[in-house]
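One point on numbering: in UniProt numbering, the residue at position 26 of the sequence shown is 26, and numbering is uninterrupted.
Yeah, the Cβ is synthetic: ideal placement off N, Cα and C, and Gly gets one too.
Since the structure comes first, as C-alpha coordinates, the remarks are kept for the end.
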Amino acid sequence: MNIQISPLAEQRLTQILGDQPGYIKLFYDTEGCGCDGITVLKIVNAPDNGDIEVQAGSLPFLVSGQQAIYFEESMRLDADEKFPSYKLSSDSTFYSNNVKTRDVRPS
(Lines of atoms letter the chains of each structure in order from A and count residues from 1; the text may use other names and numbers.)
(Lines give C-alpha, C1' and ligand atoms only; values in the text may rest on other atoms or scores of the structure.)
Protein backbone atom coordinates (compact mmCIF):
# COMPACT_ATOMS: atom_id res chain seq x y z
CA MET A 1 0.00 0.00 0.00
CA ASN A 2 1.21 3.52 -0.70
CA ILE A 3 0.00 7.04 -0.03
CA GLN A 4 1.10 10.01 -2.09
CA ILE A 5 1.33 12.93 0.35
CA SER A 6 1.02 16.55 -0.74
CA PRO A 7 3.74 18.96 0.47
CA LEU A 8 1.32 20.79 2.81
CA ALA A 9 0.04 17.54 4.33
CA GLU A 10 3.62 16.33 4.83
CA GLN A 11 4.58 19.62 6.49
CA ARG A 12 1.64 19.46 8.90
CA LEU A 13 2.16 15.81 9.80
CA THR A 14 5.89 16.32 10.34
CA GLN A 15 5.05 19.18 12.70
CA ILE A 16 2.56 17.00 14.61
CA LEU A 17 5.13 14.21 15.02
CA GLY A 18 7.59 16.78 16.36
CA ASP A 19 10.70 15.53 18.13
CA GLN A 20 8.93 12.57 19.73
CA PRO A 21 9.20 9.14 18.13
CA GLY A 22 5.99 8.07 16.51
CA TYR A 23 4.05 6.68 13.57
CA ILE A 24 1.03 7.92 11.67
CA LYS A 25 -1.56 5.16 11.59
CA LEU A 26 -4.34 5.21 9.01
CA PHE A 27 -7.28 4.03 11.08
CA TYR A 28 -10.95 3.35 10.40
CA ASP A 29 -12.66 4.31 13.68
CA THR A 30 -16.08 2.86 14.48
CA GLU A 31 -16.05 3.45 18.27
CA GLY A 32 -18.48 6.05 19.59
CA CYS A 33 -18.80 7.98 16.35
CA GLY A 34 -22.52 7.30 15.93
CA CYS A 35 -22.13 6.34 12.29
CA ASP A 36 -20.65 3.66 10.05
CA GLY A 37 -17.13 4.83 10.86
CA ILE A 38 -14.66 7.58 10.05
CA THR A 39 -11.10 7.64 8.82
CA VAL A 40 -8.60 9.18 11.24
CA LEU A 41 -4.83 9.54 11.38
CA LYS A 42 -3.75 8.26 14.79
CA ILE A 43 -0.31 9.30 16.02
CA VAL A 44 1.07 6.28 17.92
CA ASN A 45 4.34 5.40 19.67
CA ALA A 46 4.98 2.09 17.95
CA PRO A 47 3.36 -0.40 15.59
CA ASP A 48 0.88 -2.90 17.02
CA ASN A 49 1.12 -6.60 16.19
CA GLY A 50 -0.29 -7.05 12.70
CA ASP A 51 0.32 -3.48 11.55
CA ILE A 52 1.55 -3.07 7.98
CA GLU A 53 4.01 -0.41 6.88
CA VAL A 54 2.60 1.97 4.26
CA GLN A 55 4.91 3.63 1.74
CA ALA A 56 4.39 7.36 2.26
CA GLY A 57 7.61 9.11 1.32
CA SER A 58 9.61 10.17 4.36
CA LEU A 59 6.71 9.82 6.83
CA PRO A 60 6.36 6.66 8.97
CA PHE A 61 2.85 5.43 8.07
CA LEU A 62 1.06 2.29 9.24
CA VAL A 63 -2.26 0.57 8.75
CA SER A 64 -3.74 -2.29 10.76
CA GLY A 65 -3.57 -5.54 8.83
CA GLN A 66 -7.24 -6.11 9.69
CA GLN A 67 -8.27 -2.68 8.42
CA ALA A 68 -6.21 -2.69 5.21
CA ILE A 69 -9.23 -4.10 3.35
CA TYR A 70 -11.03 -0.76 3.78
CA PHE A 71 -8.38 1.11 1.78
CA GLU A 72 -7.13 0.88 -1.79
CA GLU A 73 -3.57 -0.01 -2.67
CA SER A 74 -2.73 3.51 -3.88
CA MET A 75 -4.16 6.67 -2.30
CA ARG A 76 -3.55 10.42 -1.98
CA LEU A 77 -3.51 12.54 1.17
CA ASP A 78 -3.88 16.29 0.78
CA ALA A 79 -4.42 19.27 3.06
CA ASP A 80 -6.14 22.61 2.59
CA GLU A 81 -4.53 25.81 3.88
CA LYS A 82 -7.89 27.00 5.24
CA PHE A 83 -8.82 23.85 7.21
CA PRO A 84 -6.97 21.75 9.83
CA SER A 85 -8.15 18.44 8.35
CA TYR A 86 -6.95 16.26 5.47
CA LYS A 87 -8.48 14.80 2.31
CA LEU A 88 -7.98 11.11 1.55
CA SER A 89 -8.80 9.83 -1.93
CA SER A 90 -7.83 7.32 -4.59
CA ASP A 91 -8.45 7.05 -8.31
CA SER A 92 -11.80 5.35 -7.73
CA THR A 93 -13.10 6.76 -4.44
CA PHE A 94 -13.13 9.75 -2.14
CA TYR A 95 -12.73 8.53 1.45
CA SER A 96 -13.16 11.82 3.29
CA ASN A 97 -12.39 15.51 3.10
CA ASN A 98 -12.43 15.78 6.90
CA VAL A 99 -9.74 13.35 8.11
CA LYS A 100 -8.51 14.47 11.54
CA THR A 101 -5.38 13.59 13.46
CA ARG A 102 -5.51 12.13 16.97
CA ASP A 103 -2.26 11.96 18.95
CA VAL A 104 -2.58 9.00 21.35
CA ARG A 105 1.06 8.96 22.46
CA PRO A 106 1.57 9.36 26.21
CA SER A 107 2.67 12.88 27.14
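Residue i classed as buried or exposed, judged by whether at least 16 other C-beta atoms fall within 10 angstroms
i          : result
residue 82 : exposed
residue 67 : buried
residue 69 : exposed
Cβ-Cβ distance between residue i and residue j below 8 angstroms
i           : j          : result
residue 77  : residue 9  : yes
residue 24  : residue 60 : yes
residue 105 : residue 43 : yes
residue 64  : residue 80 : no
residue 2   : residue 74 : yes
Range of the contiguous alpha helix (DSSP H) that encloses residue i
i          : result
residue 14 : 7 to 17
Close-in-space but distant-in-sequence residues of the same chain around residue i (CB under 7 angstroms, 5 per side omitted)
i         : result
residue 5 : 56, 57, 59 and 77
Start-to-end residues for the beta strand (DSSP E) that takes in residue i
i          : result
residue 29 : 23 to 29
residue 39 : 38 to 44
residue 52 : 51 to 54
Same chain only: Cβ atoms within 8 angstroms of residue i, ignoring 5 sequence neighbours per side
i          : result
residue 92 : 72
Residue from the options whose Cα sits closest to the Cα of residue i
i           : options            : result
residue 102 : 7, 36, 54 and 28   : 28
residue 22  : 107, 45, 49 and 37 : 45
residue 88  : 40, 20, 53 and 7   : 40
residue 26  : 54, 14 and 90      : 54
Same chain, Cβ closer than 6 angstroms to residue i, five either side skipped, listed in chain order
i          : result
residue 98 : 85
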